[in-house]
Each structure stands twice: as C-alpha cells, then as structure tokens.
Amino acid sequence: MFVRVLPDQAAGRMLDYSVPEAMRAAVGIGSRVRVPVRTRLLPGTVIEILEESEFAKVRDIAELLDEKPMIRPSLLELARWMSDYYCCPLETAVRSVLPVAVRDGNVGAKKQNAVRAVRVFTEEDFEAIARRAPRQADALRVLTQEPILVTEAATKAGVHESVFRTLEKNGLVVIEASVISRNPYSERFVAGAELTLNAEQEVAMKVVVETMAKPEKPILLFGVTGSGKTEIYLRAIRHAVDTGRTALVLVPEIALTPQTVERFKSRFAEMQDQIAVLHSHLSEGERHDEWHKIHNGTARIVIGARSSIFAPIENPGIIIVDEEHENSYKQDEAPRYNARDMAVLRGKQEGAAVLLGSATPSLESWHNAQSGKYQLVRLDQRVDDKSMPVVRITDLRRPTRNDPEGGILSRALREAVEGRMAKGEQTILFLNRRGFSTSMICEACGHVCQCPDCSVSLTYHRAAERLMCHICGHSSRAPKVCPKCSDPKIRYSGTGTQKVEEALKRIFPKARIARMDADSMTRKEAYRETLGAFKEGRIDILLGTQMIAKGLHFPNVTLVGIVNADLGLHIPDFRAGERTFQLLTQVAGRAGRGEMEGEVFVQTFTPFSPSIQFARHHDFEGFMEQEMEFRKRFDYPPFGRMAMITLRGAVRERVEFSAQTLSRKLKAAAPAGIVVGEGVPAPLEKAKTYYRFQVSLRGPSSLRLSRLARSTLDALPMPEDVFVAVDIDPLQLM
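Residue numbers for the sequence shown follow my numbering, so the first one is 0 and each next one is one higher.
In structure tokens:
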C-alpha cells in the first residue's frame, strides 16, 4: 500500500511513501502523518491512496499522527479548488482547512481526575465507615458508579480532595483521568419559543424548505433591517436537524456577539451540547475541543466566523451566510478566499442548500440574483409592520458658532439624545475611527508626526499619552514640543472615539456612557459585559466603531447618531460608495427595533453624496441601479473580474523594478481580453517597514487571471527580499 503525501513545507511537491503493515488499517485520505523528507521528519497530509508507486525506491511513513483521518475528502477537494482559483500553493490551502490548534498538536484534550464508587454502598456501609472515619463516609455518600470530578465531589461533600485518595487506597473508589470539554459557552440557556411568521416570512420559508429538498440554486434572502431574517435561519436549521441533517451558519466575526450565540442556543436548548461555536476569541484549548466536537459528530449545528466554512461537519442540509456582503468574509492572508463564495461551492459539492442573507447585499450577489443564477427571496417589511427609522441629515459644513466641543455633535443630535434619556430610552453613537485624534500637527511649521515604518500619520491616544500607528502597531510617547522645530504649539486634528467619549461626558454629565472599540475591548469578557449592561438598561449611550453596527438587537434603542458619515467614502477604491451605503444602512437599522419608533441622525460634510441620500431614504434598489451603471461603464465587478498582485520589500527601488518587470512580463503573456496595469505604488505605499507596489489585472474570468499570474510568476525569478501576494477578486485595493 502506497500513499501520496503533501508535506506541510513542500513548496507544492507531493511525495510517495509506503505504508507500514501496522498502519494500513488506519491510514486514509486526509490522514495526518510524519514523513522523512531528505534529512528531516515533516508533518504532512495524505492526499491519495495508491496501489503502486511509479518510483522504484519509496520510503516508509515514519508516524501516523492521529487515530483517524483529520481532513475529510470533500474538504481536500475544496483545498485543491482554492489552490487553483486563488493562486496559492496546495499546502497553504490544505493547512487552512485544519486549525492550528488541531494541526500542530501542541494543544491536546484537557484532562482532570474523576472519581467513582467501586460498587453500590448501603446505609449500613456508610454507618460502619462513619464510626471510624466520618469524613470518608460523607465523601462516599456523594458518589455513584458514574464518574464525577474530584473537585466537584469534594465541594458537594464539604471535604478536602485528599479524602478521596484515602478512599482509593482503601479500595472503595476509583480515581482516573477524564477528558474535560472546554466549552466557551458553558452556561445553560432557557428555551426560546418560535416566533409567529408573517406572510413574507411564510413565503420565504416555503422557498427555503423546497430548496433544501432539491438544492439547485443558492438563495439570496434580501430583507430590510429588522425584517426577521434570523427567524428564517433558525427555522431552516430546525428543518435540517429534524430531517437528520446538520447545519452550518457563518456570521461576520464582528457580529458573532454573545447575543447572537444566546439566540441560537436558546432556540435549540434541548440540544445545546450539540452546538459548536468557532471564532477568533476562543482560547486554543476551546478551539481544539469545539473542532473535535464537530469532527467526531457530536455537534450537529456549527456557528462560526469565516474559517468555519471548513468545519468538518458531515451531511450539511443547509449552509447559511449571514450579512453575506461583509468584507470580513475575505481572508487577508493566502489563501485569500471569500467564505461566501466557498459556501456556495461547498453547498454544491455536498448537496446542501445555501442561504445568503443581508439587508444590503453585495453587488455581486445582487447581480447573480437578477441574472437568475441565485433565487431572490425578499422581506420588504419589518416584523409586526414596524416602520423604518426616520433619517435626518446634518450638514457639517455649517458649524455652530462658539461651539466648545468643536462641532462633534450637532445641536439637533444633542437635543435628540437628551430627549431619549429623559424618556428612559437608549442611544447608539457610531464613529468608525478609534483613538482620540487622527493626527498631531505643529501650528508653527506644519509638521505631522508620521509612523517611521508606514506611510500614515500617527493617531493620538490620550489615555496613554501616546502616538500609535493602526497599521503596524508602532507606539511612541506624545511629544510636548514639535520634533522638527521644537515649537510647543501642537494641535490635534480629527476625531476618534476617545475624543467623542470625553465630549459626551462633558455634554451629558449625568449619562451612563460606554465605549466599544478595539482599544476598550481588549479583555475577553469585556464585549459580553458591555453588551449585557446595555441590554439591562445600565448604559444610556453606547459609543462605538464598526463592532456595534451589526448583530445587535436592543428594543429600547430609539436613536442612532452617525458622528461622521464621510469616513471611508473618499478613498481610492471603486467600492467606497457601496461600503458607505451598506454601513450607514446597517447602523441605522439598530434604531426602532422594539415597540417605539426609531430616529437616525447622519452628520456629514457631503450631504448630497448618492450613498448618503439613498441610505437616507432606505432605497437599496435605487442605489443598486446607479452603482451598477457605474460599474458597468468601467467594467468593474460584477461585470468584469479583477486580480491584484502586491509586491513588498524593504528597498523601494528593488520593489519598484520588480513590479515594473512583472507588469511587462504579464502584458507579454496576457491573451486577448485581459488588461494588465503598470507597476505603481500602492495607495498605502509603506506598511510595517515595507514599500508596496501593485500590478492590477482585469478580464472576463477570475480563473484566467489566476492562471496567468501563476504561470508568469513561476517563470519570473524574484529577488529574495521582494515578497509577492496575489489576490483574486480583491475587496481592498489599498
């Protein structure tokens, strides 16, 4: 018996090995093994089973790392597809389907001592033991022949753990190591009842059930904020479970809140232990245990962020992608996959229905629905016929004179916040920029403090009195005088969440205010605690960045204020308008989700921007129509396809020369219909000490762009100090 193995560090080469007799029953496709490669032993993955090898001399597998295959054959097929489509080495794609906590073997199952009685003891037995050792009798009374943790038994009996060791010496109990599950959500949730569906939801559910029986096309569930999309998800999951299948739910990392997990777990309270949750905030041990719960078939429902698309769940009946438009579904490192697109592929591969949901679908998904590639299902009304919030635009080009707070909040927004507080209602204020100020400027010479390693200005963080780079993390003490001319006249411009928080405390001295951003949510439980306090009404004003824009449902929130709607609108990226529209619509959707009507204030310097005006009127289709015309005119996605090749290195001239050389080679090799750009500096030219240049590719097919990039790069030797990254279907052009 022979196998073809892909070592983890193989530079794309697969090698043949013989399987020793003792391992043959256990080795299969997807098995993790350790194999000799030259003078080293390397971990790898079995890709194929072979009857014979074409090589005369074949070495043996050195070690089988796991009792059964860790990667399902279907997931290996996904990895092969990713390698080809996203232009990355196969071993990189294979590694991505197996979490580090599982792959590296550094984290194992957690074990603790458990104790059980060797037999059933009678009351006479207890009395006899109590006469000579009353504490031993107390300890024995809490035991059965089912194991219980020693620590738990000691607490129940009110004795020291050493008492159980004495009982073991006397032959009355057995103490043995027991595997303990590290459950990140160990609390028990009260069962939640199904909600009554309205007419639109009934129609949507009928389409979902029919598609689950015969999954031919993905479903795009387009529903306004508060229209009850989650209830459709929950019922679809229930249908999958009731028909003997499993369910996989993808949620953007930023929206995978404790509130989201609680809603899913309470709906399936009778099978809470069969729900697994995967996201980046888990410890390595928790991730290890949740993954194995899926792999061994215990978990029938998986909820997770982007990488959960590779969860080893068997027989999925439905794959749900909530907020399918979210950029966070796109991986930053190789393989640079989009989990939404991988969900569509996996659904097709495994015969599962795919349900993509959003109040603001991406142009790509909307185009697929309009062209008939996807089924379009609509929820145009909020649940219980609640009205959409009224959106009011405040023009920041007309600042209030003598404003001590520098125009951070308009008078109208201040009065609205005060009115909500007086009625005991809550407010969410949104600003997608953390820190105190965006830059430090010398009024004498105009010097702006910039990161020495990146081409961006440093952000002032007042609490720590430091200047920080949000690209690389560089940090330095905020100077008292200008580093260039030594003048003390230093001005801080721009507004971050810390600055707004200070202003809010001055404007509303009696308000209970909380801030949620990357700086304030560093503790693992901080997010859960803050949202819990907000839910219980112990916070009047919640200020935050993008992490408060999604996944939150608080009926007492009747006011949303967007402090500056222009952030992200005026950047060199053709998707800037789409992202701004989506973000404004999503944030506005947090208001008026309960019995009371909602109101939204949007502060902007560009009040007549189409993104802002269409969001103001909740006109998704109007925005889509205009944006589609713009994209079609310039052959941008979804009409044309793109790839971006980024080169980076410490020596600018070498990176620039390499980019220009690559551009020439690509142009020479490009077939008709593919347009290759020049080698130009990236909009963010320097990041983390590296200079960055880009070469863009545009054409009718992403796969053709990927294969052109791969063949050209394979034939073009690059300097060792110049690194190349290929991004197919890029979402960020910076």
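Every residue, glycine too, gets a C-beta built ideally from N, C-alpha and C.
| Item | Value |
| --- | --- |
| Residues in its own chain within less than 7 Å of R31 by CB, not counting five upstream and five downstream? | P42, T44, L64, D65 and M69 |
| Please classify Y84: does DSSP put it in a helix, a strand, or coil? | helix |
| Please classify N401: does DSSP put it in a helix, a strand, or coil? | Confidence in N401 is poor, its pLDDT being 47 and thus under 50, which makes the residue's placement too unreliable to answer from. |
| Alpha carbon to alpha carbon, what distance is there between I308 and E325? | 15 Å |
| Do L428 and I540 have their C-beta atoms closer together than 8 Å? | yes |
| Is I274 helix, strand or coil when you go by DSSP? | strand |
| Output needed for D83: all residues of its chain with C-beta closer than 6 Å, excluding positions within five of it in sequence on either side, in chain order. | none |
| Would the beta-carbon of T603 fall within 8 Å of that of L395? | yes |
| Got a sec? Which residues, its chain only, sit under 6 Å from R651 by beta carbon, not counting five neighbours each side? | Y690 |
| Measuring CA to CA, which of T359, P251, V57 and R134 is closest to V158? | R134 |
| What first and last residue would you give for the beta strand (DSSP E) that runs through Y526? | It is not in any beta strand (DSSP E) - Y526 instead sits in the alpha helix (DSSP H) that spans A525 to K534. |
| What residue from C444, R511 and C471 has the CA that sits closest to R490's CA? | C444 |
| Where does I570 sit, in a helix, a strand or coil, going by DSSP? | coil |
| Which residue from A681, E289, Q200 and R115 puts its Cα closest to that of V382? | Q200 |
| Assign A735 to one of two classes, buried (16 or more other C-beta atoms within 10 Å of its C-beta) or exposed (fewer than that). | Missing from the structure shown is residue 735; the chain here goes from 0 to 733 and no further. |
| Here's a check: name, in chain order, each residue in its chain whose Cβ is nearer than 6 Å to the Cβ of F507, leaving out the five neighbours to either side. | none |
| Output the distance between the C-alpha atoms of V141 and R130, rounded to the nearest integer angstrom. | 18 Å |
| Would you list, in sequence order, the uninterrupted beta strand (DSSP E) runs of no fewer than 3 residues that lie entirely inside the region 21 to 98? | 31 to 36 and 39 to 49 |
| What does the Cβ neighbour count give for T150, buried or exposed, with the cut at 16 atoms within 10 Å? | exposed |
| Can you tell me whether E380 is buried or exposed, with buried defined as 16 or more other CB within 10 angstroms of its CB? | Position check: residue 380 holds Gln in this sequence, whereas Glu was assumed. Buried, because 16 or more other Cβ atoms sit within 10 Å of the Cβ of Q380. |
| Count the other CB atoms, across all protein chains shown, that sit within 10 Å of the CB of N401; report buried if there are 16 or more and exposed otherwise. | The pLDDT assigned to N401 is 47, lower than 50, so where the model puts this residue is not dependable, and the model offers no usable value. |
| With a threshold of 8 Å between beta-carbons, can T359 be considered close to chain C, or not? | The structure shown contains no chain C; it holds only a single protein chain. |
| I'd like the list of long-range same chain contacts for L568, defined as Cβ closer than 6 Å, with 5 residues on each side in sequence excluded. | A575 and T579 |
| For Y232, which residues from the same chain have a beta carbon less than 6 Å from its beta carbon, with the 5 sequence-adjacent residues on both sides left out? | I319 |
| Using DSSP with H/G/I as helix, E/B as strand and the rest coil, what is T603? | strand |
| Rounding to the nearest angstrom, what Cα-Cα distance links P699 and R663 in this structure? | 20 Å |
| Among I317, G536, A667 and G648, whose alpha-carbon lies nearest the alpha-carbon of E215? | I317 |
| Taking just the CA atoms, how far does E209 sit from A358? | 23 Å |
| Assign K498 to buried or exposed, taking buried as 16 or more other Cβ atoms, counted over all protein chains shown, within 10 Å of its Cβ. | buried |
| Take M641 as the anchor and find which of K631, F722, D726 and A669 has the nearest alpha-carbon. | D726 |
| Could you tell me which of P388, I673 and C468 sits nearest to E594, measuring between CA atoms? | P388 |
| Quick check: what's the CA-CA separation for T47 versus V4? | Residue identity check: residue 47 is Glu in the sequence provided, not Thr. Between E47 and V4, the C-alpha separation is close to 7 Å. |
| Please classify K685 as buried or exposed, where buried requires at least 16 neighbouring CB atoms within 10 angstroms. | buried |
| Would you tell me roughly how many angstroms separate the C-alpha atoms of E90 and P334, rounded to the nearest one? | 10 Å |
| Just to check my reading of the structure: T496 and R432 have Cβ atoms closer than 8 Å, yes? What is that Cβ distance to the nearest angstrom? | 7 Å |
| Below 8 Å between beta carbons: does that hold for M211 and A246? | no |
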